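Asks: The numbers in the working numbering rise by one with no breaks, and the one at position 20 of the sequence shown is 512.
Here it is: the structure, laid out below.
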Amino acid sequence: MTTELEAKHNEAMALVDQADAAQRRRDPVREQQLRHEAFLKEKEVALACAERKDTPAATLAILLCSAASLASETGQPREAERLIARALSGDPPHALAEELRELWEKVRPQLRSLQAA
493 MTTELEAKHN EAMALVDQAD AAQRRRDPVR EQQLRHEAFL KEKEVALACA ERKDTPAATL
553 AILLCSAASL ASETGQPREA ERLIARALSG DPPHALAEEL RELWEKVRPQ LRSLQAA
């Protein structure tokens, strides 16, 4: 991962920390804003790393899983589904694949809710 991408990933994680603090302050509007910003940054990093041939499979799976988790947390289950599928298609290490499958089980009910609406 390049220095620029690593810095953007760190920014995304700092936004997650700020969102957690907003949640503790019971400020759901700010929390969602921060999580959405974090999602956009993390997705950008993950997709940029996916384009690079030198990104280790484990690193890519971690970034895609992180972006998918943020997508789920911000009410974007279809985006989470796409990121999970991409991560699993890259042959991630077993432990990461299990984590992605667990996340998929959390996203599936969100997708069903969208279909029912």
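Here a beta-carbon is modelled for each residue, glycine too, at the ideal position from N, C-alpha and C.
Since we're looking at a predicted model, the values are computed, not measured.
Can you list, in chain order, the residues of its chain with a C-beta nearer than 8 Å to that of residue 606? Leave out the 5 residues immediately preceding and following it.
Replies: Once the five neighbours on either side are set aside, the close Cβ partners of residue 606 are 569, 570.
Asks: By how many angstroms is the C-alpha of residue 528 removed from the C-alpha of residue 499?
Replies: For residue 499 and residue 528, the distance between alpha carbons rounds to 18 Å.
Asks: Rounded to the nearest angstrom, what separates residue 514 and residue 533 at their Cα positions?
Replies: C-alpha separation (whole angstroms): 19 Å.
Asks: Buried or exposed, going by whether 16 or more other CB atoms sit within 10 Å of the CB of residue 581?
Replies: Residue 581 is exposed by the Cβ-count criterion.
Asks: Tell me the start and end of each unbroken alpha helix (DSSP H) in the region 505-555 that is at least 4 residues and wholly inside, in chain order.
Replies: Counting only runs of 4 or more, we get 520-543.
Asks: Quick one: measure Cβ to Cβ for residue 497 and residue 510, integer angstroms, because I've assumed they're closer than 8 Å.
Replies: Actually they do not touch by this definition, with Cβ atoms about 20 Å apart.
Asks: Alpha carbon to alpha carbon, what distance is there between residue 516 and residue 554?
Replies: Taking the straight line joining both Cα atoms gives about 26 Å.
Asks: Quick one: grab the DSSP three-state call for residue 495.
Replies: Residue state, collapsed to three classes: helix.
Asks: Label residue 563 either buried or exposed according to how many other C-beta atoms from any shown protein chain fall within 10 Å of its C-beta, with 16 as the threshold for buried.
Replies: Buried.
Asks: With a Cβ-Cβ cutoff of 8 Å, do residue 550 and residue 588 count as a contact?
Replies: Result yes, Cβ atoms of residue 550 and residue 588 sit closer than 8 Å.
Asks: Determine the direct distance from the alpha carbon of residue 531 to that of residue 524, and round the result to whole angstroms.
Replies: Cα to Cα, residue 524 sits roughly 10 Å from residue 531.
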